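In our numbering, the protein residues as written are 2 to 434.
By construction, the Cβ of each residue, glycine as well, lies at the ideal position given by its N, Cα and C atoms.
Since the structure is predicted, the reported quantities are computational estimates derived from the model, not experimental observations.
The structure is reproduced here in structure tokens:
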């Protein structure tokens, strides 16, 4: 069809509201932006007024709000846009849209992780069966009869995971049978669960970029979770690159990750996989996603390498080989613990010269806006309240319970630790009863 304008399709794409590096990557290639995302008040608010000159989302020329599970609706909208646009690539930015995004890419004949990779990565049970060589022992626990299965279970401690939820929601370490039986009441009556062997050791993620099955970028991120203070596995900190990995350990981790990608038949796009390295050196896969990582991990890679990883993701999506990059700094995101109660305030000591942001999903604003040169001094990049004042804060048992975070970067791991300590002493998250 003649005169179709070149475009990039971002699925779950309104993440560009707080990460405009996606917009810059499309703009640099002369690509118009098409966006599919979920219906909801904040997405509708974000899109309102984008036709106004100078609006931050003016590059979004077409947008539609289609639920992630409406595969027919996603395919239909993409097909209609393809009549007027030469869609050069598809990028998925949200977990819920991984499968739909791969389907749309397949329909349009452009690159994607592939239908197998997308389907397996969206299902915790399929990951365990397809990727059994790198997985802990696990058992599927259907909703019907799960009480009987729990009563007969004898492998403790056990990790309980709801198959259909996202991220760390509902993932819990259970010590014994009595606790397991009591904990079943916290899951929906129709939820399917996994009972898994506990994987020991520190947790790391690998972020990778592939083009036609060839891996062009590998990076590591070191994790902190709430498991040190309780029974849940909520991520409370990320450090890129992982300072706890020496060269040989990192290469072994990369070798396992490459093998996992090969088993999935992972073709083109970004993968984000979490692993633990046990006391015996065995590397165990915790979970893998066929999309860019969440939280501020993309910003951490930017701060560490000086090059936006979003540009490389767009590059492979449209068939370009990404430029090689290596980290020259260290970057960290830290989530603040809190006392349950009503969020009253988030304050920052004036000595840090940073004002706290109050995150609003309906507002276009970059959380991390600046990137340092390799030898620059340590810096605090942002302090963000993730919920509005007046929100009731619960104990941190899933990612959505976290209330505030900050991002720092430095030239060395030691300098990174020092600026983190300074920030923890100067940033206060206050709650009231």
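Buried or exposed (CB count within 10 angstroms, at least 16 for buried), residue 15: With 16 or more other CB atoms across the displayed protein chains lying within 10 angstroms of its CB, residue 15 is buried.
C-alpha gap between residue 131 and residue 262, whole angstroms: Taking the straight line from one Cα to the other gives about 11 angstroms.
The beta strand (DSSP E) enclosing residue 72, as first and last residue numbers: Per DSSP, residue 72 lies in no beta strand (DSSP E) segment; the continuous alpha helix (DSSP H) that holds it begins and ends at 72–83.
Validate contact between the region 33–41 and the region 51–66 using beta carbons, cut 8 angstroms, 3 pairs: Two segments are said to touch when three or more pairs of C-beta atoms, one from each, lie closer than 8 angstroms; by this definition the region 33–41 touches the region 51–66.
DSSP beta-bridge partners of residue 209: DSSP, once it has assigned bridges, lists 219 and 272 as partnering residue 209.
Residue-chain proximity (residue 412, chain C), Cβ-Cβ < 8 angstroms: No chain C is part of this structure, which consists of one protein chain only.
Among 144, 75 and 219, nearest to residue 187 - alpha-carbon criterion: Put simply, of 144, 75 and 219 the residue whose alpha carbon is nearest the alpha carbon of residue 187 is 144.
DSSP beta-bridge partners of residue 93: According to DSSP, which records beta bridges pairwise, residue 93 is partnered with 12.
Euclidean distance between Cα positions of residue 110 and residue 318: For residue 110 and residue 318, the distance between alpha carbons rounds to 12 angstroms.
Close beta carbons around residue 234, own chain, < 6 angstroms, minus the five adjacent residues each side: So the qualifying residues of the chain are 169, 172, 226 and 228.
Pick from 284, 348 and 417 that is closest to residue 430, judged by C-alpha positions: Nearest option by C-alpha distance: 348.
Integer-rounded CB distance, given that residue 315 should sit under 8 angstroms from residue 293: Going by Cβ atoms, the distance from residue 293 to residue 315 rounds to 11 angstroms, so no, they are not a contact pair.
Residue burial classification, residue 80 (beta-carbon count within 10 angstroms, cutoff 16): Under a 10 Å Cβ-count criterion, residue 80 is classified as exposed, with fewer than 16 other Cβ atoms of the shown protein chains found around its own Cβ.
Nearest neighbour of residue 162, chosen from 116, 194 and 185 [CA to CA]: With distances taken between Cα atoms, residue 162 lies closest to 194.
Closest residue to residue 150 among 185, 137 and 135 (Cα-Cα distance): For residue 150, the closest of 185, 137 and 135 by C-alpha to C-alpha distance is 185.
Cβ shell of residue 88 (< 6 angstroms), same chain only, five flanking positions each side left out: Answer for residue 88: 8, 10 and 109, listed in chain order.
Nearest-angstrom beta carbon gap, residue 332 and residue 402 [assumed within contact, 8 angstroms]: Residue 402 to residue 332, Cβ: 24 angstroms. No contact.
Span separating the alpha-carbon of residue 361 from that of residue 383: If you take the alpha carbons of residue 361 and residue 383, they lie about 15 angstroms apart.
Segments assigned alpha helix (DSSP H), at least 4 residues, entirely inside the region 136–182: Restricting attention to alpha helix (DSSP H) runs no shorter than 4 residues, the region 136–182 encloses them at 147–153, ordered along the chain.
At least three beta-carbon pairs within less than 8 angstroms, the region 200–219 to the region 270–287: Yes, the region 200–219 touches the region 270–287.
Alpha-carbon spacing of residue 53 relative to residue 254, whole angstroms: Note on geometry: alpha-carbon atoms of residue 53 and residue 254 lie some 48 angstroms from one another.
Nearest-angstrom Cβ-Cβ length linking residue 103 and residue 311, presumed shorter than 8 angstroms: Wrong, their Cβ atoms sit about 19 angstroms apart, outside the cutoff.
Segment contact, 8 angstroms Cβ cut-off, at least three pairs: the region 364–376 with the region 390–405: Below 8 angstroms, too few C-beta pairs join the region 364–376 and the region 390–405 to call them touching: fewer than three.
Under 8 angstroms between C-beta atoms of residue 326 and residue 218: Yes, these two residues count as a Cβ contact at 8 angstroms.
Neighbourhood of residue 73 by C-beta, 6 angstroms cutoff - its chain only, sequence neighbours within 5 removed: Correct list: empty, nothing qualifies.
Same chain, Cβ closer than 6 angstroms to residue 17, neighbours up to 5 away in sequence not counted: Cβ neighbours of residue 17 within its own chain (closer than 6 angstroms, five residues either side excluded): 23 and 24.
Cβ-based neighbour list, residue 306, same chain, cut-off 6 angstroms, excluding 5 preceding and 5 following: Cβ within range, chain order: 326 and 328.
Rounded C-alpha distance that separates residue 353 from residue 245: Across the structure, residue 353 and residue 245 are spaced so that their CA atoms are roughly 27 angstroms apart.
Backbone secondary structure at residue 125 - three-state DSSP: DSSP places residue 125 in the helix class (H, G or I) of the three-state scheme.
Range covered by the beta strand (DSSP E) that runs through residue 383: Counting along the chain, the beta strand (DSSP E) containing residue 383 begins and ends at 380–386.
Residue environment, residue 343, which counts as buried when at least 16 other CB atoms sit within 10 Å: Under this definition residue 343 is an exposed residue.
Helix, strand or coil at residue 7 according to DSSP, with G and I counted as helix: Residue 7 falls in the strand class under three-state DSSP.
Pair within 8 angstroms by beta-carbon distance, residue 405 and residue 417: Not in contact: residue 405 and residue 417 (Cβ atoms no closer than 8 angstroms).
Closest Cα partner of residue 392 within the set 346, 378 and 375: Among 346, 378 and 375, the Cα nearest to that of residue 392 is on 346.
Which residues DSSP lists as bridging residue 277, in chain order: DSSP lists 204 and 285 as partners of residue 277.
C-beta contact flag for residue 210 and residue 299 at 8 angstroms: No, the pair does not count as a contact, with Cβ atoms beyond the cut-off.
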